[in-house]
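See below for the structure under consideration.
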Amino acid sequence: MLVAYPGLTSFWARGGQGLDIQPGTYPNLRELAFEAGGLPAETVRNVGECDLPQLRHLELWLGTDAYLGDSTVDDLGTILSGRRLPVLSYLGLRDAEIADQVAAALAGAPVLARIETLDLSLGMLSDVGAGALLAGQPLTHLRRLDLHHHFLSEEMMARLRAELEPAGVELDLTGAEGADTDLDDRFVAVAE
499 MLVAYPGLTS FWARGGQGLD IQPGTYPNLR ELAFEAGGLP AETVRNVGEC
549 DLPQLRHLEL WLGTDAYLGD STVDDLGTIL SGRRLPVLSY LGLRDAEIAD
599 QVAAALAGAP VLARIETLDL SLGMLSDVGA GALLAGQPLT HLRRLDLHHH
649 FLSEEMMARL RAELEPAGVE LDLTGAEGAD TDLDDRFVAV AE
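The sequence shown begins at 499 in my numbering and counts up one residue at a time.
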C-alpha cells in the first residue's frame, strides 16, 4: 500500500496477521499505526528499518505472543534510537505484554527526549516498568504520558503524579487493574 501510494500521509491498520511493511523511504507519511492483539517481530523490525522523515505519530500495538506478538525490546532498537524518525512527536508502544521491558528500554532511549506524547497504555505495565521510566532521563518535557490500563500500585501512581504533574505533564492513569506482581495474573487490554 505504501509503495503503491507514495503520497500517502496516514496509514492505520488493524490486525496482526498478514501485516507487512517493506523497509524503504516514505517521505510523505506523517502517521503510521498497527493495532493488533499481537504484532509480529518482523513487522516491528521493518518499521524500524524505514526512513520516515515526516512521521509525527507512530503507534504499534505489540500485543501478546499468544496472538503472534513475538516482538522483543531488541526488535524496537532502531525505533528507540530515533535515527530514522527525526520529527516524531507521538510514540505509542501499546497493548504490550512486555510493557515493563519496553519502559526500561525507553528510559535511556534517544527518541524519548524528542517526543511530546508517550503512550504505553493497554499493556501489562507494573511498578517495575514505571520505576525504570522514572529512574531514566527526565520525562518532564512530555506533554502527555498515557498509561491507562496498567498494574501500578497506589504508591507508584502517587509518585508519578508528584514527579510529572507539577511540570505540566498530562498523566492518564485510568484503568488501574491492581498492583499484581504475578505475570500470570496480568493481561493486555486487547488480545483477540
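Cβ atoms here follow ideal geometry from the backbone N, Cα and C, with glycine treated the same way.
(1) Can you list, in chain order, the residues of its chain with a C-beta nearer than 7 Å to that of A597? Leave out the 5 residues immediately preceding and following it.
(2) Which whole-angstrom value describes the C-beta separation of H639 and G673, a residue pair presumed to lie in contact below a C-beta threshold of 8 Å?
(3) Pull up the distance between the alpha-carbon of D682 and that of E595, whole angstroms please.
(4) Write down the C-beta distance between V609 and L583 rounded to the nearest angstrom, noting that I regard them as a contact closer than 8 Å.
(5) In chain order, which continuous runs of the beta strand (DSSP E) of length 3 or greater are located wholly inside the segment 538 to 622?
(6) Is the beta carbon of L574 less than 9 Å from the beta carbon of L550?
(7) Confirm, please, whether the CB-CB distance from R657 to L637 is below 9 Å.
(8) Among M654, E653, G513, whose alpha-carbon lies nearest the alpha-carbon of G536?
(9) By DSSP, does E652 sit in helix, in strand, or in coil?
(10) Does the Cβ-Cβ distance between P504 and C548 come in under 9 Å?
(11) Would D593 and V686 qualify as a contact pair, given that the criterion is a beta-carbon distance under 9 Å?
(12) Considering Cα atoms alone, identify which of R554, L506, Y524 is closest to I613.
(13) On a Cα-Cα basis, can you pick out the residue from L530, E557, G666 that is closest to R642?
(14) To the nearest angstrom, how far is it from the Cα of G516 to the Cα of M499?
(15) Tell me the DSSP bridge mates of R642?
(16) Quick one: residues in its chain with C-beta nearer than 7 Å to the C-beta of Q599, no 5 flanking neighbours on either side, listed in chain order?
(17) Can you tell me whether L637 is helix, strand or coil according to DSSP?
(18) By how many angstroms is the C-alpha of L558 removed from the C-alpha of A541?
Per the coordinate set shown:
(1) As a working mapping, residue 597 is identified with position 99 in the sequence shown. Contacts found: L618, G621, M622, L623, G627.
(2) Working through the sequence shown from its first residue, we reach residue 639 at position 141. Working through the sequence shown from its first residue, we reach residue 673 at position 175. Rounded, the Cβ-Cβ distance is 25 Å, inconsistent with contact.
(3) Numbered from 1 along the sequence shown, position 184 holds the residue referred to as residue 682. Numbered from 1 along the sequence shown, position 97 holds the residue referred to as residue 595. Computed Cα separation, rounded: 11 Å.
(4) Locating residue 609 in the sequence shown gives position 111, where the first residue counts as 1. Locating residue 583 in the sequence shown gives position 85, where the first residue counts as 1. Right, their Cβ atoms sit about 6 Å apart.
(5) 555 to 561, 588 to 594, 615 to 617
(6) Along the sequence shown, one-based indexing puts residue 574 at 76. Along the sequence shown, one-based indexing puts residue 550 at 52. No, these two residues do not count as a Cβ contact at 9 Å.
(7) Numbered from 1 along the sequence shown, position 139 holds the residue referred to as residue 637. Numbered from 1 along the sequence shown, position 159 holds the residue referred to as residue 657. Not closer than 9 Å, so no.
(8) Here the question's residue 536 lines up with position 38 in the sequence shown. The residue with the shortest Cα to Cα distance from G536 is G513.
(9) Here residue 652 corresponds to residue number 154 of the sequence shown, with the count starting at 1. Looking at E652 - three-state DSSP - the assignment turns out to be helix.
(10) As a position in the sequence shown, residue 504 is number 6, starting the count at 1. As a position in the sequence shown, residue 548 is number 50, starting the count at 1. Their beta carbons are not under 9 Å apart, which means P504 does not touch C548 by this criterion.
(11) The count along the sequence shown starts at 1 and reaches residue 593 at position 95. The count along the sequence shown starts at 1 and reaches residue 686 at position 188. Result yes, Cβ atoms of D593 and V686 sit closer than 9 Å.
(12) As a working note, residue 613 is residue 115 in the sequence shown. Checking every option, the nearest Cα to that of I613 belongs to R554.
(13) To locate residue 642, count along the sequence shown from 1; it is residue 144. The shortest C-alpha separation from R642 is found at G666.
(14) Position 18 of the sequence shown, counted from the start, is the residue given in the question as residue 516. Position 1 of the sequence shown, counted from the start, is the residue given in the question as residue 499. Their Cα atoms are separated by approximately 13 Å.
(15) The count along the sequence shown starts at 1 and reaches residue 642 at position 144. According to DSSP, R642 bridges with T615, E668.
(16) Taking the first residue of the sequence shown as position 1, residue 599 is located at position 101. Correct list, in chain order: V571.
(17) Position 139 of the sequence shown holds residue 637. Three-state DSSP puts L637 in coil, outside helix and strand.
(18) Here residue 541 refers to the residue found at position 43 when the sequence shown is read from its first residue. Here residue 558 refers to the residue found at position 60 when the sequence shown is read from its first residue. It should be noted that the sequence gives Thr, not Ala, for residue 541. When rounded, the distance between both Cα atoms is 10 Å.
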